[in-house]
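Q: The following block contains the structure, expressed as structure tokens.
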Amino acid sequence: MTTVHLSNVTKHYGSTVAVQDFNLEVADGEFVTLLGPSGCGKTTTLRMLAGLVEPTGGRILFDDQEVTWLAPRARNIGFVFQAPALFPHMSVADNIGFGLSVKGRDKAFIRQRVDEMLDLVDLEGYGKRLPAQLSGGQQQRVALARVLATDPRVLLFDEPLSALDKNLRDTLKYSILELQRKTRKTAIYVTHDQSEAFAISDRIVVMNAGRIEQIGTQTDIYLKPRTPFVAEFIGANNGLNGTVVAVDGSGDDAVVRVDTGGLLLRRRGRTRLTPGQAVLAYIRPEDLSVLEDGDGRVHLNTIEGTIDRLIFEGASAQLRVEVAGVEMRADISGGQRLALVQREGRVRLGFDDVTLIPSEAEAGTAVVTDGVPDEAGPAA
Amino acid sequence: MSAASTPRRRPLLSSRRLATIASHAYIWLCLILFVLPFLALLSQSLGQRGGASGLGNYAAVFGSFGDNLFWSFKITGLTLLIDLAACLPAAYALVRYPVPGKRLLFSLLQLPLYVPGAVIGLSLLLTYTFVYKIDSMWGLVLAMAVGSFPLMMTPIVVAMKDLPVMFEEASECLGATKWQTYRRIVFPLIGPGVSAGLLLCFIIVFNEYLVTLFVHPPALETAPLKVFNLVRTNGLAPTTAALAVTMQLISFLAVIVFFRIFGTRHFKGTYIL
Amino acid sequence: MARLRTAAFLAPAALLALLLLYAPLAFIVNMSFTVTNSFLSPGGPVYSLENYAAMVQRYLPNLFVTVQLAALAMLVDLVLGFPFAYILVRRIRYRDLVRALMVFPMFGALYVAFGMSFILLPGGPADPLIHAFGLRNTDLLFSLPAVVFAMSIFTFPFMVMSIGTALSNVDPTLEEAAACLGARPWQTFWRVVLPLTRAGVVAGSLMVFGWSIGAFAEPLLLGSLNEQRSLALTLYKRGVVENDYGLSSMMGVVLLSVAFVVTYFSLRYSRGALVD
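Chains as they are written, first to last, in my numbering: chain A, 2 to 381; chain B, 1006 to 1278; chain C, 206 to 481.
See the structure below:
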């Protein structure tokens, strides 16, 4: 039964800002993921929660207890590192029992608890082995058992799957979620991998350059990105710089002219934009569909362009089309993707959904983001 | 089958093979040179002079030289303890804590290795006599410690650097105190590095004669010093050779035991083994 | 708090070095400016540059012999040690055996010198060889070559390890690449291997030189009167036997200066980066 509360947590290294004014409330038993590119401050935030890094300012509360300045051992947290960090000179059982043993619990209790934990992570009978005798996935499961054995108030995960290969990552992320559900622990999880974050989180905190960009559920941040960064970082997106040219009298519909090429985009739904305002318009590649002659479907927007190239990716195909001087990406699935393989020349694209975000002064030019996260290591 | 189609046979002595043979021969020639002085002493220690024969010389080692051996072990043991006490915390701090002027400090702590033994000896002799007024065994122990602790420092520093800080963090997150973390995680994991340092210090201190010559208390004569004094006053007596051989065998045994247990990689950075 | 802990951790080693190395060295630097035993006289020490004048006027040959012996030992080590290190790192599987046998010289110059003097002794095991070259035992026993040879055996492992460490950091495929590009073995050595291991070679040579500067047992047991003039031995005779503290301190300071200069460059070339 633990809530976590961070208020204005800040960390500076000299003149470098690692984390600035971080505010977050995590409910009891909630699974929250900090998602962002490397160097965005997510790991630093997690390490401040653990007490491994002292904040420059702000407060951290577990329930009503302020822990900002407490040493890690006084916080009763479970920290799972990027590598399993199992003590190589101790058996699996001794590793799992370590947290209880340093608190002076009696041997019989520790033995029983270790057995329970081995059971929990499906490693019965592995207690006597040394960490080096286990596979990478088994080691990470022992690491999980080791933190759960101490019955921590909060589970903290620092990209625990990034050192494993892809198949193992997929199975293990669900094991983590399942264990968290079973133990009903509050969990905070750091990753740069969107699919991981989407798979296991209750809520996601998108971070960039030491600040929170958006907090929300998977659908929130995917469908309603609040900042250009979120729109471009999460998933693939076509981003276009534009200007609002008209807003419906009731504030319901908006028309935007793209700065380059003068393309007009219509968007339906309530808006607080005003004519003349500079905006970034985002169109998801999967929302674009290729219109054949005689196609009966009606779209709010229809644009026409020249096929630049088609990248066949198996289940889907990526179509790159030049529309009025701007390159757009459309993801085509189903039978249509096969028909497109040989296609050249002009093509018509239709779509309904456009996300409009008021552009800040520094907003860039038109971009296509492919939504592949930075594969580089986590923030130091 | 015509002769032209038969494959050319590998020459019995290709230039490559000759080079390989020459390489091995060279290594062994050098190794024999290394061991030659020892072998000479060994053969001399088994020789006869004045009636005492063969192994009889070794009886003398544990008889009349027993005291000297005892002092050597005692001085060496105490020195190793002081070295450990100095090096373990220092190496930890140098690697883990932000220390201003770290490189300079490390170099200053390494410098004793490079001061000629005679200079260390003379400077300590004069300061012990005129400033510190030390004339006990501890003067010798401290002299050995200051000359040898850099040797222990290097492998421990290397072991600490090779130990990811994650293990200590994991331990603290699991609720261990600093001391529990040092004792149960750090020390066991840098054990081989510490042992490498202990071994290096052991073989240097155990066989040290030069600084000892300057600062030993009159009544205390370690085994290497005994060898030195006997060679100067008594010539090349077989019993002296037997003592020298014994000292080297003990040292060699320590090296072999270490190599068997830990392997050789823990001397990285020492440039010695 | 954190600072206090750091200081406490560093204190034992720092105190050991400060009280038992730097303070005593400062003490003999001071002592080296006092006239003979005036430090002990009731009137207090008499300061003068007399000892350093003596160095220039009388003891330059001693310094020369000291440096000469160290330089020769270094050269022998370098010439014999580079191929040894190369073969050890690149060609040999029984490396641990070699390393184990290589420790014998490390047990001390005393044993090396002792053993060598026995070998060269009239009636010793090397007699037939010595006579075959038309030499007499005394030509070798108390001679410069014997001293240099013993010194270089003692320091050989340091040289080999320093070069070997540098060599094992050089990717062997570079040599293969050079060979495939048509370089002859000596060209590969001269233009690829040597430049890449230069730091190790320089550091090893300086280290050997620095250690050889203080040679004591080798000149004493194997040298003629000429080699016995080496500074470490003279320092012992003047200081401990004749109690001329001023003069022997001066020699200590001279030795120390040479050793420090050499060490400075050696450290710059090799291991300064260990704690970064």
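Quick reminder that beta carbons are idealized off the backbone N, C-alpha and C, glycines included.
Keep in mind the model is a prediction, meaning the values are calculated, not measured.
Taking contact to mean at least 3 C-beta pairs separated by less than 8 Å, is the stretch 138–150 of chain A in contact with the stretch 54–74 of chain A?
A: Touching, no.
Q: May I have a chain-ordered list of the alpha helix (DSSP H) segments no shorter than 4 residues that lie completely inside the stretch 218–260 of chain C?
A: If we require 4 residues or more, the alpha helix (DSSP H) runs fully inside the stretch 218–260 of chain C come out as 228–236.
Q: Given that a residue counts as buried once 16 or more other Cβ atoms are within 10 Å of its Cβ, and exposed if not, what is B/G1056?
A: Confidence at B/G1056 is low in this model, with a pLDDT of 49, below 50, so its placement is unreliable and the value that follows should be read with caution. Label assigned to B/G1056: exposed.
Q: Buried or exposed: where does B/H1029 fall if 16 or more other Cβ atoms within 10 Å of its Cβ makes it buried?
A: So B/H1029 counts as exposed.
Q: Taking beta-carbon pairs under 9 Å, can you tell me which members of the stretch 1166–1188 of chain B lie near chain A?
A: Listed in sequence order: P1169, M1171, F1172, E1174, A1175, S1176, E1177, C1178, L1179, G1180, A1181, T1182, K1183, Q1185, T1186.
Q: Give the secondary structure of A/L266 by DSSP, where H, G and I count as helix, E and B as strand, and everything else as coil.
A: Of the three classes helix, strand and coil, the one that applies to A/L266 here is strand, per DSSP.
Q: Could you pull out every residue in the same chain whose Cβ sits closer than 8 Å to the Cβ of B/Y1133, ignoring the five residues on either side in sequence?
A: Cβ within range, chain order: I1139, D1140, G1144, V1220.
Q: Quick one: what does DSSP say B/K1231 is sitting in, helix, strand or coil?
A: B/K1231 falls in the helix class under three-state DSSP.
Q: Would you say B/H1221 faces chain C, with C-beta separation under 9 Å as the test?
A: By this cut-off, B/H1221 is not an interface position.
Q: Closer than 7 Å, Cβ to Cβ, to anything on chain A: give me those residues from the stretch 1188–1220 of chain B, in chain order.
A: The residues in question are I1190, P1193, L1194.
Q: Cβ atoms of A/V27 and A/H13: under 9 Å apart, would you say?
A: No, Cβ-Cβ distance for A/H13 and A/V27 is not below 9 Å.
Q: Comparing the C-beta of B/V1136 with each C-beta of chain C, is any distance below 9 Å?
A: Yes - at least one Cβ of chain C is within 9 Å of the one on B/V1136.
Q: Could you say which of A/I308, A/V355, A/A331 lies nearest to A/Q343 if we only look at CA atoms?
A: Closest option to A/Q343, Cα to Cα, is A/I308.
Q: Return the residues of the stretch 310–324 of chain C that lie within a Cβ-Cβ distance of less than 9 Å from chain B, sorted by chain order.
A: Flagged, chain order: P310, M311, F312, G313, A314, L315, Y316, V317, A318, F319, G320, M321, S322, F323, I324.
Q: Who are the Cβ neighbours of C/V251 in its own chain at under 7 Å, not counting the five residues just before and after it?
A: Around C/V251: T239, V240, S243.
Q: Hey, quick one: how far does the alpha helix (DSSP H) through C/A383 stretch, first residue to last?
A: 377–385 is the span of the alpha helix (DSSP H), which, as asked, contains C/A383.
Q: Mind checking A/D332: buried by the 16 CB within 10 Å criterion, or exposed?
A: Classification of A/D332: buried, given that the 10 Å Cβ count is 16 or more.
Q: Tell me which same chain residues have a C-beta within less than 8 Å of the C-beta of A/T366, skipping the five on either side of it?
A: With a pLDDT of 43 at A/T366, under the threshold of 50, the modelled position of that residue is not reliable, and the figure given next carries that caveat. Excluding positions up to five away in sequence, the list reads N242, T261.
Q: Measure from the alpha carbon of A/T1 to the alpha carbon of each residue in A/K174, A/S360, A/T11, A/K108, then state which is nearest.
A: There is no way to answer for residue 1 of chain A, as the model of chain A reaches only from 2 to 381.
Q: How about A/I213 and A/V207: are their beta carbons less than 9 Å apart?
A: Cβ distance < 9 Å, so A/I213 and A/V207 count as in contact.
Q: In chain C, which residues lie less than 8 Å from B/F1067 when you measure between Cβ atoms?
A: Here the premise fails: no neighbours, minimum Cβ distance about 19 Å.
Q: Would DSSP call B/P1105 helix, strand or coil?
A: The answer is coil: DSSP assigns B/P1105 none of H, G, I, E or B.
Q: Quick one: does B/G1056 have its CB under 9 Å from some CB of chain C?
A: Reliability of the predicted coordinates at B/G1056 is poor, the pLDDT of 49 falling under 50, and the value obtained from them is presented with this limitation in mind. Not an interface residue.
Q: Between the alpha carbons of B/Y1097 and B/L1089, how many angstroms are there, rounded?
A: Looking at the two C-alpha atoms, the distance is approximately 12 Å.
Q: Does the count of Cβ pairs from the stretch 413–423 of chain C and the stretch 295–310 of chain C closer than 8 Å reach three?
A: The answer is no - the stretch 295–310 of chain C does not touch the stretch 413–423 of chain C, with fewer than three Cβ pairs under 8 Å.
Q: Can you list, in chain order, the residues of the stretch 309–324 of chain A whose Cβ is nearer than 7 Å to any Cβ on chain B?
A: Those residues of the stretch 309–324 of chain A that come within reach of chain B (Cβ to Cβ, closer than 7 Å) do not exist; the list is empty.
Q: Give, in chain order, every residue of the stretch 136–159 of chain A whose Cβ lies closer than 9 Å to some Cβ of chain B.
A: Cβ contacts with chain B come from A144, R147, V148, A150, T151, P153, L157.
Q: Just to confirm, are B/M1149 and B/A1095 a CB contact at a threshold of 9 Å?
A: For B/M1149 and B/A1095, no; Cβs fall outside 9 Å.
Q: Taking only runs of the alpha helix (DSSP H) that begin and end inside the stretch 383–416 of chain C, which ones reach a length of at least 4 residues, in chain order?
A: List check, alpha helix (DSSP H) in window: 390–393.
Q: Does the beta carbon of C/I297 come closer than 9 Å to any beta carbon on chain B?
A: Answer yes: the Cβ-Cβ gap between C/I297 and chain B drops below 9 Å somewhere.
Q: If you scan the stretch 1221–1268 of chain B from start to end, which runs of the alpha helix (DSSP H) of 4 or more residues do you find wholly inside it?
A: If we require 4 residues or more, the alpha helix (DSSP H) runs fully inside the stretch 1221–1268 of chain B come out as 1228–1239, 1243–1267.
Q: Please confirm if B/R1022 has its CB atom under 9 Å from at least one CB of chain C.
A: Chain C, which has no Cβ nearer than 9 Å to the Cβ of B/R1022, makes this no.
Q: Kindly indicate the opening and closing residues of the alpha helix (DSSP H) around A/D309.
A: First-last for A/D309: 302–313, but that is the beta strand (DSSP E), not the alpha helix (DSSP H).
Q: Against chain B, does A/F230 count as a neighbour if the rule is that its beta carbon must be under 9 Å from one of theirs?
A: False, the Cβ-Cβ gap to chain B never drops below 9 Å.
Q: Are any of the Cβ atoms in chain B nearer than 9 Å to that of C/Y450?
A: With 9 Å as the cut-off, C/Y450 counts as an interface residue toward chain B.
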